[in-house]
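Remarks on the structure that follows.
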Amino acid sequence: MMENQPNDIEWIAQRCRYLSAMIRTSTIPKDSKLLTLQEKVCQKLVSINPCSSESLYLLGTSQLLIFDNDNGLGVANQSPLLDARQSFQASIDLEGKPASGDVPPGIAGQTWWIKKMDSAKAKQTASTSDKNQPAARGRGAPAAPSRGRGRGAPAPAKAAPPTRGRGAVRPPARGRGAPPRGAKATPADPKCSKEAEKPPQETPATPVSKPSKPAPLNRVTYHARLGMARALSRTDDKKDEARKRYEEVMKMAPEVHDSYIELADLLVKSDPLAAVDIYCKFPSSEENTDSFDDAYLSGEIVSILMKHEKLDDHRLVDHMVKWGKVMGIGVLEKYMEILDAKFKTDMLKKIYCGVHGKDVDDPDLVAFFKFKCWI
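Mapping the sequence shown onto the numbering used here, position 186 (from 1) lands on 620, and the numbers just tick up by one.
Next up, the structure:
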């Protein structure tokens, strides 16, 4: 398409971005063919502009998805993971810089780019060899007829004898012809003849110089850093680097839930309380109502603290209230039974009052607390 429509590069790049987004957000199960198609689309984007930070991020995302798919199928292939890390790093390095220039070294060393360059060189070599090939020889001129006895040329006709009498035509006088009577001979002007011989020279139009548009700057975003953190977290030897990348994302975009959830998943096995600290770093909403994503974080905090019997942690009551407000009081029944068995009546009353938004002295709740023997 790029060879047939070289002037529509922006149109092609836009269609590639749309196709990549459609594949990425599709509900169709991601198989190898679909992921390979997405990678080829992203490779085309990088081929159009290898210094676009967004295109490099999309390429790294497609390569990481291929690695996860192969890993799920039991295929031990580390090259997509290494390529994804290089693509994400190149995207981060180009942030804040013009989206033009040479291809980044991390991309130039990838297999697909090397094959692309080799194919372009082969086509160029073939085209130059066709141009340098000498032209084929044509047919020679027809040979002259051979000498020999042939038919002679016809003899010239004899001139007719002049007619006698007055009607005979007189031969012209020698020398220049006389001008007609009454006409004056005007000598020819040599300057006019010279000016007539010279054609008028056309002044070439000066080309209007159009100012070239400066290349747009790559935006500084968290997406490439989040992708880099995911790629680093796939191996145990890079988990410390992955944690640093996740923390960078938290500083750049504190409202993004993915960085908190994924980093806590890395820490929950080795240090569960550190995972709780990560969840609690998420900024609570100023409004009274939390979203379902916020409720998910609160639910993870409650489950970890209850699993490790950290019942006296002050964060337990707060997040049980937040979780119950969004998901309903029924989601807390299992944990409230555990607290009831541990005789944590004061905690239970605070949780009920917080979920229902009422005071402890509310008549309805007082009756319920008496029924539960909490008073």
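Heads up, the beta-carbon is just placed ideally off N, CA and C, and yes, glycines get one too.
Could you work out which residue in the options is closest to residue i when comparing CA atoms only?
i	options	result
residue 504	468, 530 and 489	468
residue 782	561, 760 and 753	753
residue 663	739, 802, 649 and 699	699
residue 649	456, 483 and 731	483
residue 537	477, 498 and 502	477
residue 528	461, 655 and 475	655
residue 731	690, 459 and 550	690
residue 785	807, 802, 751 and 803	751
residue 418	653, 496, 459 and 792	Nothing can be reported for residue 418: it is not among the residues displayed for the chain, which extend from 435 to 809.
residue 807	790, 524, 788 and 774	774
residue 713	723, 692 and 725	692
residue 674	657, 688, 697 and 686	697
residue 709	687, 475 and 739	739
residue 788	737, 450, 763 and 475	763
residue 735	725, 726 and 749	749
residue 491	526, 461 and 805	526
residue 481	535, 686 and 790	535
residue 539	520, 532, 549 and 451	520
residue 759	741, 737, 772 and 733	733
residue 726	790, 761, 463 and 457	761
residue 450	461, 550 and 479	479
residue 458	485, 498, 487 and 688	498
residue 453	737, 475, 695 and 518	475
residue 658	695, 790, 522 and 446	522
residue 486	532, 462 and 728	532
residue 488	676, 455, 647 and 678	455
residue 694	678, 686 and 715	715
Provide the residue span of the alpha helix (DSSP H) that contains residue i, from first to last.
i	result
residue 728	726-741
residue 757	748-761
residue 809	Note, residue 809: premise wrong, no alpha helix (DSSP H); not H, not E.
residue 540	539-542
residue 773	767-775
residue 782	779-790
residue 707	706-714
How would you label residue i, buried or exposed, when you count the other beta carbons within 10 angstroms and need 16 or more for buried?
i	result
residue 717	exposed
residue 448	exposed
residue 470	exposed
residue 560	exposed
residue 651	exposed
residue 508	exposed
residue 586	Since pLDDT at residue 586 reaches only 47, below the 50 mark, its modelled position is unreliable, and no value is offered.
residue 757	buried
residue 473	buried
residue 563	exposed
residue 443	exposed
residue 596	Model confidence at residue 596 stands at a pLDDT of 49, short of 50, so the residue's coordinates are unreliable and nothing is read from them.
residue 524	buried
residue 809	exposed
residue 465	exposed
residue 501	buried
residue 793	exposed
residue 496	buried
residue 494	buried
residue 661	buried
residue 804	exposed
residue 618	Low local confidence applies: a pLDDT of 49 at residue 618 is under 50, so the model's placement there is unreliable, with the coordinate-based value given in what follows. Looking at its Cβ environment, which holds fewer than 16 other Cβ atoms inside 10 Å, residue 618 is exposed.
residue 445	exposed
Would you say residue i lies against chain C (beta-carbon separation less than 8 Å)?
i	result
residue 766	In the structure shown, chain C does not exist; there is a single protein chain.
Following a CB-centred definition, is residue i positioned closer than 7 Å to any heavy atom of the ligand GTP?
i	result
residue 682	As for the ligand GTP, it is missing from this structure, which has no ligand bound.
* **Segments of 4+ residues assigned as alpha helix (DSSP H) that fall wholly inside the segment 658-693** => 673-686
* To do: Write down every uninterrupted run of the alpha helix (DSSP H) in the segment 455-530 whose length is 4 residues or greater and which is fully enclosed by it, in chain order.
  => 466-482, 487-506 and 513-527
* the segment 503-518 touching the segment 681-696, judged by at least three CB pairs closer than 8 Å -> no
* the segment 775-786 in contact with the segment 744-753 per 3-pair CB rule at 8 Å -> yes
* **Segment contact flag, the segment 548-560 with the segment 702-715, C-beta cutoff 8 Å, min 3 pairs** => no
* **Contact between the segment 664-672 and the segment 541-551 (3+ Cβ pairs under 8 Å)** => no
* Asked: How do the segment 790-799 and the segment 765-773 stand: do at least 3 beta-carbon pairs fall below 8 Å, yes or no?
  -> no
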